[in-house]
Amino acid sequence: MGLGEFWNKLANPDRIPRIFALILGLFLVVGLLVPFSLNDDQIYPRPAPQEQMLDGDRIAPYDRGGEILQKPGITVAQYPCFSEKIGMINSYMSPIAYNIKENSPYFGTSIYSSPGGLIDEILYYTRGFDTILESTILMMSFVIASWLALNFTMNRKEEDD
Amino acid sequence: MDLGSLGGDLMGIVPLGDIVLYLTPLHLFMFIAVLTFTFLIAISRTETQVEASFGDLKDNELKVGLAEFKARRFLAIICGIATAGAMITGDLFNFILFVALTGVVNVGIVSAVKQIDVLDAAFQYGLIAMMASLPLFGGGAIILAATGTLSFFELAKFTSNSMVLFGSTLLLIGVAGETGIAPFFATKAEMFRTPGSPFILIIHLSSLFMIIRAIEILLVIIT
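In the order they appear, the protein sequences are chains Y and D.
Heads up, the final residue of the first sequence is numbered 146 in my numbering, and it's a clean run with no missing numbers.
Heads up, the final residue of the second sequence is numbered 248 in my numbering, and it's a clean run with no missing numbers.
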């Protein structure tokens, strides 16, 4: 196959996702050969999940310790100078989440995943801008999808010719 | 590599918790250029394409309806703001989110056109954008695992190793797919054929600026 034929094949949009998938797949196979080693000096550390569960912690595996507005928990920020109150609201739980925690030792994950269940400082304080952007991406997807749904299904005008 | 060696002297930072935006002459120029273009788009109207028809003397005008015009303008402005944000961000994950946002919005701008070819190309681009989120976010995660940080100020100090190189290449594949550059450009090139300039142009402009910024970021991380 000549180079010209190859360029022509690249000009067809139907083939592009397949070419992309092929390149990505080949590169991921190469990734199996790359030596990986985790850098232990990570930002946002927390005790290992197994430790917390063996300790019988009721909100394992996400416990970061601390008391609300009294004692900071173990949130480590990249730039502590820009987040002065870090750790202070780390263990805030809504009344429902608090009651779940008091009554059963098995719902740690559910408490965190319920809205308003527990304030995670990394989401809302140190990396709050990322959370705003993430929800903006979701909102834009819904804007596009609902606009299309409104204009092409519900309010669809009959084509005049 | 030192942050200043590519963009010029550090003029200031905008701290938002751990996400620190920073300004150098290069980034400030790109930021203002994108915002200016976005403003020009926001106050302009769409072009009308005129198709000459064979066999008679009529011209066929392709116009964009008012509702579609408004939706496109809104999405084009969001796309411009996201591109401008990516120009001055100082955090890797933040940049990745900006790239993902422009990818979604780019599909949205052409999602309501009438031409079947354009819709087909937009669909193919959407497929790539979906697939590209794996290398995009995966590359960021691997760089975080290898260096332990996401801030460019800290990443600039790290000496590169094979894991960082792999993560960076993965990130480059992700950005290339999401912005639709060279080998994957055919889908985007077809998307421009619909009437609706200048809103269509922000698709092109955002990918140009994003790829410049992505290469600068990769240089900061690797070297």
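Even glycine gets a Cβ: it sits at the ideal position worked out from N, Cα and C.
Enumerate in chain order the residues of its own chain whose CB-to-CB distance from residue 43 of chain Y is below 7 Å, with the five nearest sequence positions on each side excluded. Excluding residues up to 5 positions away in sequence, 86, 90, 93 lie with their Cβ nearer than 7 Å to the Cβ of residue 43 of chain Y in the same chain.
How about residue 187 of chain D: is its C-beta nearer than 9 Å to some C-beta of chain Y? yes
Taking 9 Å as the CB-CB limit, is residue 138 of chain Y close to chain D? no
Can you list, in chain order, the residues of the stretch 20 to 44 of chain Y whose Cβ is nearer than 7 Å to any Cβ on chain D? 20, 21, 22, 23, 24, 26, 27, 28
Grab the span of the alpha helix (DSSP H) containing residue 153 of chain D for me, first residue to last. 141 to 172
Which term fits residue 146 of chain Y, buried or exposed, when burial requires 16 or more other beta carbons within 10 angstroms of its beta carbon? Its pLDDT being 44, under 50, residue 146 of chain Y is placed unreliably in this model, and the value from its coordinates should be taken loosely. Per the 10 Å Cβ criterion, exposed.
I'd like the ranges of any alpha helix (DSSP H) spanning at least 4 consecutive residues and lying wholly in the stretch 35 to 109 of chain D. 50 to 67
So is residue 55 of chain Y in contact with chain D if we call contact Cβ pairs under 9 Å? Interface flag for residue 55 of chain Y against chain D is unset, since no Cβ pair is found closer than 9 Å.
My output table needs one value for residue 52 of chain Y: the three-state DSSP class, helix, strand or coil. strand
CA-to-CA distance, residue 148 of chain D to residue 86 of chain D, given in whole angstroms: 25 Å
Nearest CA to the CA of residue 184 of chain D: which residue from D:245, D:227, D:118? Nearest of D:245, D:227, D:118 to residue 184 of chain D, Cα basis: D:245.
So, at 6 Å on beta carbons, what are the nonlocal neighbours of residue 131 of chain D in its own chain, with the 5 sequence-adjacent residues on each side left out? 228
For residue 116 of chain D, name the three-state secondary structure that DSSP assigns. strand
So the candidates are D:121, D:113, D:110, D:32; which of them puts its Cα closest to the Cα of residue 193 of chain D? D:121
Please name the residue or residues paired with residue 176 of chain D in a DSSP beta bridge. Looking at the DSSP assignment, residue 176 of chain D forms a beta bridge with D:116.
Return no unless some Cβ of chain D is closer than 9 Å to the Cβ of residue 122 of chain Y. yes
Closest Cβ-Cβ distance between residue 145 of chain Y and chain D: below 9 Å? In this predicted model, residue 145 of chain Y has a pLDDT of only 48, less than 50, meaning its place in the structure is not dependable; the value taken from the coordinates is given anyway. Residue 145 of chain Y does not count as touching chain D.
Enumerated in chain order, which unbroken segments of the alpha helix (DSSP H) with a length of 4 residues or greater are wholly contained in the stretch 192 to 216 of chain D? 210 to 216
Through-space distance from residue 170 of chain D to residue 71 of chain D, alpha-carbon basis: 46 Å
Residue 64 of chain Y versus residue 56 of chain Y - alpha carbon distance: 19 Å
Are the beta-carbon atoms belonging to residue 112 of chain Y and residue 118 of chain D less than 9 Å from one another? Residue 118 of chain D sits close to residue 112 of chain Y, with the two beta carbons spaced by under 9 Å.
Taking only three categories from DSSP, how would you classify residue 78 of chain Y? strand
Terminal residues of the alpha helix (DSSP H) in which residue 35 of chain Y lies: Taken as a continuous stretch (DSSP letters only), the alpha helix (DSSP H) holding residue 35 of chain Y covers 34 to 39.
Short CB-CB distance (under 9 Å) between residue 116 of chain D and chain Y: Taking Cβ atoms only, chain Y reaches closer than 9 Å to residue 116 of chain D, which makes this a yes.
Going by Cα to Cα distance, which pick from D:153, D:134, D:214 is closest to residue 202 of chain D? If we check each option's Cα against that of residue 202 of chain D, D:153 comes out closest.
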